[in-house]
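**Student:** Here it is: the structure, laid out below.
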Amino acid sequence: MFWLFIAGGAIYLILQFILKPDPVKLLGIYGQPGKWYFLKFNLMRFVIDRRQKKQNSKSKSHKEDNKENLMNSQWGGDGGERDIVEMEKKHDMKQDWSADAVFFDASNRDGWYITLGTAQRPNNIINLFFILRIPEIGTFVNEELHTDTNVKSIQCPEKEWKTESGFIVSCIEPMKKWRIQFNGKLASAPGKINFIKNGSEEMKDGIKIFDANFDLTWTNFGNQFDFDKMCSPTAIAHSLAIEPWSRGLFDKMRASHQSHYEQFGTISGDFRIGNHTASGIRMTSMRDHTIAGYRRWSDIRRYIMMIYHLEDGTCVHTSVISMPETVFSHLEFGYIVTPTGETKPVDRVHFSLPNHGEDRHFPDDFHYSFEVDGKIHHADVHIKEAVSFKMGLDQACQVTEGMSEFVVDGKPGWGFAEVEYRIQPY
């Protein structure tokens, strides 16, 4: 009788567990850990870790003639060789939403900030944005940033991204050296804006235009971080485990995949903006490259990317992205580069999107933490100046580049807090 009572109690508890409903999504958008979270998390962490190790092992043993198709790769890579020359070149735009994007940002403790995005799209279009902050002088942007960030590109060699407005981005030596040149006109910055409609904007009154040129050299520090093969299985497993699983979820994840890698380094060079000149300016920088058969900015509902360096030489990238109609409602990932050049993945990013700027009014001061190798690091962030603009072929998203100061575990740092919102429908 006693054992029958125990068995009945166990069956009751099991049924209670199975019939327990999953928690509702926060604000109807953001997934939360449900009753199967522990099982889903550990299963996905095992699968991702095993796949990464398997594909990394395969790529080392593959021959040169079995190169990976980066434009149509899959999570973890397909096991082919990722040749750095192939990775660093500009790829053909064979699909309507193809993209080959190169991005730089840089800053230093003196208050210089620079960011440049050049995403090659089909039909000789580049998604372009450029921001330069010179302390005690002002903040300048490419002229088109005020109206439409889809600009005309010029056909050029596969190692260059070139616009009619005067920007040239060139790969000099794969994974080691790049060059950024500009000769044209820059405009005064628009500041922080909350856009209410999709599409291009009219140039506002009072914008000042300046003749400008600069010639910059980017040089790497440490190895590249390949998001397919080096992201923390813990971070990705958690981001997947909070979502309701279905065959459609994993099909969408495969369809929306992009090849993406990053490197930290330094940018140095000379500037002339109007009557102001500056020589030998040096900043710590991050460069990334995204290769995608399909990239539509408006698939992303919102995100924050925090990219910065500390005074001890540590470099940090931590991000949280929400694209609930595609796969992830709260995807977190990142990595650090130590002062010795060692690259380590970030296992968790403790930053809640629903608690920060869900009303599209993002705070200028906030706190978050992240985990690396079992240690939690605490970060305070202050956005000292921000510039907003629209992005995407359909101009349906707004990006705000926050030029920021950071304090992590008591160490000061400098960099960007980049915040994105889809405009309509949000």
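Heads up, the sequence shown is in full-length UniProt numbering, so the first residue is 1 and it goes up one at a time. Ideal Cβ positions, reconstructed from N, Cα and C, are used throughout, including at glycine. Every value quoted in this text rests on a predicted model; they were computed, and no experiment measured them.
1. Take LEU15 and list the residues in its own chain whose beta-carbon comes closer than 6 Å to its own, dropping the five residues that flank it on each side.
2. Spatial neighbours of CYS397 within its chain, please: CB distance less than 8 Å, with the 5 preceding and 5 following residues excluded, ordered by chain position.
3. To which residues of the same chain is LYS344 closer than 6 Å at the C-beta, ignoring the five residues directly before and after it?
4. What does the Cβ neighbour count give for HIS367, buried or exposed, with the cut at 16 atoms within 10 Å?
5. Beta-carbon separation of LYS192 and PHE210 under 8 Å?
6. Quick check: the Cα distance between TRP36 and ILE321, rounded to an integer number of angstroms?
7. Kindly indicate which three-state DSSP category TRP218 falls into: helix, strand or coil?
8. For ILE29, tell me which candidate among THR234, PRO244 and VAL85 has the shortest Cα-Cα distance.
9. Do the region 238-255 and the region 323-341 make contact, defined as three or more Cβ pairs closer than 8 Å?
10. Could you work out which residue in GLU143, MET306 and GLY31 is closest to VAL381 when comparing CA atoms only?
11. Leaving out five residues on either side along the sequence, give the residues of the same chain with a beta carbon under 6 Å from the beta carbon of ASP288.
12. Would you tell me roughly how many angstroms separate the C-alpha atoms of GLY410 and MET93, rounded to the nearest one?
13. Thinking C-alpha only, which one of GLY402, PRO324 and PHE362 is nearest LEU27?
14. Which runs of the alpha helix (DSSP H) spanning at least 4 residues fall entirely within the region 129-211, listed in chain order?
15. Taking 8 Å as the cut-off, decide whether the C-beta atoms of GLY293 and GLN155 are in contact.
16. Would you tell me roughly how many angstroms separate the C-alpha atoms of GLY79 and ASP226, rounded to the nearest one?
17. So, at 7 Å on beta carbons, what are the nonlocal neighbours of ILE126 in its own chain, with the 5 sequence-adjacent residues on each side left out?
18. Please classify LEU27: does DSSP put it in a helix, a strand, or coil?
19. For MET93, would you say it is in contact with chain B, using Cβ-to-Cβ distances shorter than 8 Å as the test?
20. So, with DSSP's three-state summary, where would you put ASP373?
21. DSSP beta-bridge partners for PHE416?
**Tutor:** Walking through what the data contain:
1. For LEU15, the predicted model reports a pLDDT of 49, less than 50, meaning its position is unreliable; a value from the coordinates is still stated below. No residues qualify anywhere along the chain.
2. These residues qualify, in order along the chain: TRP297, SER298, ILE300, LYS390, MET391, GLU420, TYR421, ARG422 and ILE423.
3. ILE336 and VAL372
4. Around the C-beta of HIS367, fewer than 16 other C-beta atoms lie within 10 Å, and the residue is accordingly described as exposed.
5. Contact flag unset, no.
6. Just so you know, the alpha carbons of TRP36 and ILE321 end up roughly 23 Å apart.
7. strand
8. PRO244
9. yes
10. MET306
11. PHE103 and GLU262
12. 46 Å
13. PRO324
14. Within the region 129-211, no alpha helix (DSSP H) run of at least 4 residues lies entirely inside it.
15. no
16. Bear in mind that the predicted position of GLY79 carries a pLDDT of just 48, short of 50, making it too unreliable to give a figure here.
17. THR118, ALA119, GLN120, VAL151, SER153, TRP161 and THR163
18. coil
19. Among the chains in the structure shown there is no chain B, since it carries only a single protein chain.
20. coil
21. ILE307 and MET403
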